[in-house]
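Please read the structure below before turning to the comments.
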DNA sequence: CGTGTTATTGACCAACATCAAACTTAGTGG
DNA sequence: CCACTAAGTTTGATGTTGGTCAATAACACG
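Chains as they are written, first to last, in my numbering: chain E, 16 to 262; chain Y, 16 to 262.
Here's what the structure looks like:
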């Protein structure tokens, strides 16, 4: 066991990496020495934009973020949602130019970590290198699952699936309270994630409520019947490759 | 310049990595020593299946492959197409259990490379490690772009976009002949990739032919008007992160 | 209290799916 | 070389999911 105290911000990162990969106590201690350049980001602004050439990665500390692109038609496609502990632009380590943007859906606190600091860890700590690579691979697995939702599932199934996914991810980093969690995302944003209109998201959410699978008011979701929600969304958490089964 | 001769099979891999990443002559020589366990794969059979725990990666030497999943409804979603030089299951290095399958769309020749051999390279050759990681990151970028197609583009746009993508990838590894290329993929498979029905793919392809943007017969595609094809698909090759602009 | 954003509802519409049949092509065996 | 077959493509008719538009309601915030 380590005797070093880790800042709550570093804890976020360590907890997330622990959820997906095997680290030693020493790895955790080294992670806790990463320089964090902390900043507040206002709601609805970009943290990193398409075309940028970042020289640091962005660790989310508080708030909800998403990665997205705007198409020629002006429509938005959201590729992923991110919760505290995630490093949504880890790829910028090896891909110089951003091909999409990272935006804050709520007011956020984020920590920028210089590439050079991460590179240093990659060379000296093989398990950390593995954990980071693995995080980007799980990222890709999530994209594949979204592709299946958008391409082949009905609206009802996709919405159920997405709620399952976000819930399990929040659970993995300790940000869900039993079967309740905060989902500070508008119906418009859910639609942009699933390739649906906000109007249709609204109708599907109502169906889920009428069926007494979930309840929600404000930005709170309550899962009433987890088994039926999973079944409705054809959800199998295997693709998240978590080390511990979260339900 | 290296004086070592590389087998044509190793060349495939080297050419691909060269297209996306910077390697030194020594890196190329080391890559050429990778043990390749070569096998023929019949059409329409799995090379790796969902649930497998591979101990080698699969380098495509000849033929077309795809990654896919079958959903609860029995429908298939194809996540990516792969051409010679690709290692579609590189992720299995760090993700033990396959969450999707890799199938041969045509008869294929593939080379299995033991994980241990690749791991060895990752530890000794930083540029190769970077190239492989980068390949998986570009993979993810391609998933994002497909997500945008399936989620937000019209059928006409998505089909045009996919043709652009495959063409540029073939060009990058020297497998396109001017504006012509082999596309040994059925309309059913195109549909499963784009979340559309085969019937609709057929109609859209006819539209593209009537507009004299492409021509095709058998499994050959001819791009008649590259600029209009790109425009129709809202295609910008940036997300492929190729080192050299292929058009 | 306004004011702007988000959610909700209803009427109508379009893109694409489904189904079924005919047609083409490629491959196979005699 | 010619039937025969299976797979893939093409076409038309019809159906459905989800989009669009527009109006109203409910909040959230200063």
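Cβ atoms here follow ideal geometry from the backbone N, Cα and C, with glycine treated the same way.
Is DSSP giving residue i helix, strand or coil here?
i	result
residue 118 of chain E	strand
residue 5 of chain Y	Here chain Y has residues from 16 to 262 only, and residue 5 of chain Y is not among them.
residue 343 of chain E	Absent from the model: residue 343 of chain E. The displayed extent of chain E is 16 to 262, so no value can be given.
residue 97 of chain E	strand
residue 213 of chain Y	helix
residue 68 of chain Y	coil
residue 112 of chain E	coil
residue 200 of chain Y	coil
residue 41 of chain Y	helix
residue 133 of chain Y	helix
residue 258 of chain Y	coil
residue 207 of chain E	helix
residue 58 of chain Y	coil
residue 103 of chain E	coil
residue 190 of chain E	coil
Starting from residue i and walking both ways along the beta strand (DSSP E), at which residues does that stretch end?
i	result
residue 83 of chain E	80–85
Which residues share a DSSP beta bridge with residue i?
i	result
residue 73 of chain Y	Y:127
residue 63 of chain E	E:117
residue 237 of chain E	E:195 and E:230
residue 91 of chain E	E:85
On a Cα-Cα basis, can you pick out the residue from the options that is closest to residue i?
i	options	result
residue 64 of chain Y	Y:53, Y:166 and Y:80	Y:80
residue 45 of chain Y	Y:55, Y:117, Y:134 and Y:213	Y:134
residue 130 of chain E	E:165, E:144, E:116 and E:69	E:69
residue 249 of chain Y	Y:160, Y:218 and Y:19	Y:160
residue 90 of chain E	E:155, E:234, E:209 and E:139	E:209
residue 168 of chain Y	E:254, E:35 and E:85	E:85
residue 197 of chain E	E:206, E:178 and E:211	E:178
residue 61 of chain Y	Y:47, Y:33, Y:103 and Y:41	Y:103
residue 26 of chain Y	Y:188, Y:204 and Y:232	Y:188
residue 230 of chain Y	Y:194, Y:257 and Y:200	Y:194
residue 59 of chain Y	Y:97, Y:137, Y:21 and Y:118	Y:118
residue 78 of chain E	E:93, E:139, E:190 and E:67	E:190
residue 252 of chain Y	Y:233, Y:237, Y:181 and Y:217	Y:181
residue 235 of chain E	E:226, E:247, E:24 and E:220	E:220
residue 114 of chain E	Y:163, Y:124 and Y:171	Y:163
residue 92 of chain Y	E:67, E:165, E:94 and E:82	E:165
residue 110 of chain E	E:96, E:140 and E:151	E:151
residue 243 of chain Y	Y:257, Y:192, Y:176 and Y:199	Y:176
residue 205 of chain E	E:37, E:73, E:94 and E:22	E:94
residue 36 of chain E	E:106, E:23 and E:147	E:147
residue 50 of chain Y	Y:120, Y:42, Y:128 and Y:258	Y:128
residue 126 of chain Y	Y:98, Y:262, Y:142 and Y:24	Y:24
If I follow the unbroken alpha helix (DSSP H) through residue i, where does it start and stop?
i	result
residue 34 of chain Y	23–35
residue 47 of chain Y	Note, residue 47 of chain Y: premise wrong, no alpha helix (DSSP H); not H, not E.
residue 172 of chain E	170–187
residue 147 of chain E	141–167
Within 7 Å: the Cβ of residue i and any heavy atom of the ligand HEM?
i	result
residue 246 of chain Y	The ligand HEM is absent from the structure shown, which contains no ligand whatsoever.
Quiz item: Of all the residues that make up the region 163–174 of chain Y, which are near chain E by a beta-carbon distance shorter than 8 Å?
Solution: 163, 165, 166, 167 and 168
Practice problem: Could you list the residues in the region 77–97 of chain E with a C-beta less than 9 Å from some C-beta on chain Y, going in chain order? | Solution: 82, 84, 86, 87, 88, 90, 91, 92, 93, 94 and 95
Quiz item: Name the residues in the region 151–162 of chain Y whose C-beta lies less than 7 Å from a C-beta of chain E; which are they?
Solution: 151, 152, 154, 155, 156, 158, 159, 161 and 162
Exercise. Mind checking the region 121–142 of chain E against chain Y and listing, in chain order, the residues whose C-beta falls within less than 7 Å of any C-beta there?
Key: none
Exercise. Please list the residues of the region 97–110 of chain E that have a C-beta atom closer than 7 Å to any C-beta atom in chain Y, keeping them in chain order.
Key: 106, 109 and 110
Quiz item: When Cβ atoms are compared, which residues of the region 181–199 of chain Y fall closer than 9 Å to chain E?
Solution: none
Exercise. Identify each residue in the region 207–227 of chain Y for which the Cβ-Cβ distance to at least one residue of chain E is less than 9 Å, and report them in chain order.
Key: 207, 208, 209, 210 and 211
Practice problem: Could you name the residues of the region 239–261 of chain Y whose beta carbon sits closer than 8 Å to any beta carbon of chain E, in the order they occur along the chain? | Solution: Per Cβ criterion, the list reads 249, 253, 254 and 256.
Practice problem: May I ask you to list, following chain order, the residues of the region 34–49 of chain Y that have a beta carbon less than 9 Å from some beta carbon of chain E? | Solution: Answer in chain order: 36.
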